[in-house]
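For the sequence shown, position 234 (counting from the first letter as 1) is numbered 234 according to full-length UniProt numbering, and the numbering increases by one without interruption.
All remarks here apply to the structure that follows.
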Amino acid sequence: MRDELFDSAVWEKAWKEDPYTGVNKMKRAGIDPAHSLDSAAESFNKEVFSEEGRRRARRIMNWLEDQGVEFSGSSVLDIGAASGGFSVPFAERGADVTAVETSRPLIELLEQNSSGLTNGTVKVVHEPFENIDLEVRGWERAFDLVFVSMCPVLSDWASVEKVLSCAKAFCYMSLSVGSRKHSLVDEVWPLVTDRPRETEHLEMIYLTQLLLLKGYSYQSLVTEEMKITTVSKETAFKETINWLKMYGIAADDRVRDIVSRYLDTRYPGGQVEIRQGGRFGKVLVRLQNQHMYDREDRI
């Protein structure tokens, strides 16, 4: 057990082959992780730029600044930028942001949200990060801060290495810590099945353990966060079905009928309020010393 605990190859293999990571659960349910928010882009954008959403972004940015990150005059790569919940405030603090996003509905909102900037810039890259050749693009160690928040790009250690290779100073990454909460799924769960909900894995442990074993310097933070969103009944139905599929509940006619009838009865007005969240892990990796060690290893 001790040998496995300190063997990075064991952890890399475990992460890559874990069928219960968020990305693998979505794929198994037939959901494209890169486009999972397409149908809910408007409601997602509204929540992100709400007063509470703005406060949440400021809390994370203030934490980053406390660790030595500077935004004014810096270059930032925001991977999985969505509608700009972080790209825009980064630019508002004076950063030049390269925002990578694949969802067309989110890109349209991102372009709208960043169009009136008077400080900093946002350049949108409509291409999956996984497909980008960093050497050709000139992105290797090109950004003062690389920022990846709850993005399916982080799926295994190889993906983390590619993300880290873009940063010359800092790299921020976040993942779920344990089970996610979703009020509507909780409400319909006992109506569609009598089996208990499975406890979800602490996916964050793969990231922090491998960073530790491979000699990186980093700060970490775990918080519990909840948010309330109001969506249409159609969006709520699709979202609930997708969540059930990720938990292995077949989206057959019976389940769809139960969810549809519940929504009609419980939310007759057409708008559905959903409370969701959970525990989230945040890691800020410092790359300056790591690059120095890399150079020494090649000598």
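For each residue, glycine too, the CB sits at the ideal point set by N, CA and C.
What number of angstroms, rounded off, separates the C-alpha of Ser39 from the C-alpha of Asp252?
As a working mapping, residue 39 is identified with position 39 in the sequence shown. As a working mapping, residue 252 is identified with position 252 in the sequence shown. In a straight line, the C-alpha of Ser39 is about 21 angstroms away from that of Asp252.
From the DSSP output, in three-state form, read off Lys46 for me.
Locating residue 46 in the sequence shown gives position 46, counting from the first residue. In the structure shown, Lys46 adopts helical secondary structure according to DSSP, grouped into three states.
DSSP has Ile79 in a bridge; who is on the other side?
Position 79 of the sequence shown, counted from the start, is the residue given in the question as residue 79. In DSSP, Ile79 forms a bridge with Val100 and Val148.
With a Cβ-Cβ cutoff of 7 angstroms, do Ser8 and Leu213 count as a contact?
For this step, residue 8 is matched to residue 8 along the sequence shown. For this step, residue 213 is matched to residue 213 along the sequence shown. By the CB criterion at 7 angstroms, Ser8 and Leu213 fall inside the cutoff.
Strand pairing of His182, partner residues [DSSP]
Locating residue 182 in the sequence shown gives position 182, counting from the first residue. DSSP lists Gln276 as partners of His182.
If you compare alpha carbons, which of Ile31, Leu211 and Leu106 is closest to Val283?
Translated into the one-based positions of the sequence shown, residue 283 becomes position 283. When only C-alpha atoms are compared, the closest one is Leu211.
8 angstroms contact criterion, which His182 and Ile274 should meet: CB distance rounded
As a working note, residue 182 is residue 182 in the sequence shown. As a working note, residue 274 is residue 274 in the sequence shown. The Cβ separation is near 7 angstroms, so the contact holds.
Between Glu127 and Val100, how many whole angstroms is the CB-CB distance? I'm expecting something under 8 angstroms.
Position 127 of the sequence shown, counted from the first residue, corresponds to residue 127. Position 100 of the sequence shown, counted from the first residue, corresponds to residue 100. Separation of the CB atoms of Glu127 and Val100 is rounded to 7 angstroms, and the pair is thereby assigned contact status at 8 angstroms.
For Glu296, the three-state DSSP class (helix, strand or coil):
The residue labelled residue 296 in the question sits at position 296 within the sequence shown. Because Glu296 sits at a pLDDT of 43, beneath the cut-off of 50, its placement in the model cannot be relied upon, and the following sentence gives the value as read from the coordinates. When DSSP states are grouped into helix, strand and coil, Glu296 belongs to the helix group.
Does the beta-carbon distance from Phe71 to Asp78 come in below 7 angstroms?
What you label residue 71 is simply residue 71 of the sequence shown in a count that begins at 1. What you label residue 78 is simply residue 78 of the sequence shown in a count that begins at 1. Phe71 is not a Cβ neighbour of Asp78, given a cutoff of 7 angstroms.
Does the region 113-123 come close enough to the region 81-95 to have 3 or more Cβ pairs within less than 8 angstroms?
Verdict: yes, contact present.
Cβ separation of Thr240 and Leu202, assumed to be a contact under 8 angstroms, to the nearest whole Å:
The residue labelled residue 240 in the question sits at position 240 within the sequence shown. The residue labelled residue 202 in the question sits at position 202 within the sequence shown. The beta-carbon distance between Thr240 and Leu202, rounded to whole angstroms, is 25 angstroms. This is too long to meet the 8 angstroms contact definition.
Quick one: using the 10 Å Cβ neighbour count with 16 as the cut-off for buried, is Pro190 buried or exposed?
Taking the first residue of the sequence shown as 1, we reach residue 190 at position 190. Under this definition Pro190 is an exposed residue.
Closest to Glu200 by CA distance: which of Val10, Asn24, Thr118 and Asp3 is it?
Within the sequence shown, residue 200 is the residue found at index 200, counting from 1. The shortest C-alpha separation from Glu200 is found at Asn24.
In the DSSP output, which residue or residues are listed as bridge partners for Lys282?
As a working note, residue 282 is residue 282 in the sequence shown. For Lys282, which the question treats as bridged, DSSP gives the partners Ser174 and Leu221.
Val148 and Leu154 look like a contact to me (Cβ under 8 angstroms); what is the Cβ gap, rounded to whole Å?
Against the sequence shown, residue 148 aligns to sequence position 148. Against the sequence shown, residue 154 aligns to sequence position 154. Right, the Cβ-Cβ distance comes to about 6 angstroms (below 8 angstroms), so this counts as a contact.
According to the neighbour-count rule (16 or more other Cβ atoms, all chains shown, within 10 Å of its Cβ), is Gly281 buried or exposed?
The residue you call residue 281 lines up with position 281 of the sequence shown. Residue environment analysis places Gly281 among the buried positions, since at least 16 neighbouring C-beta atoms fall within 10 angstroms of its C-beta.
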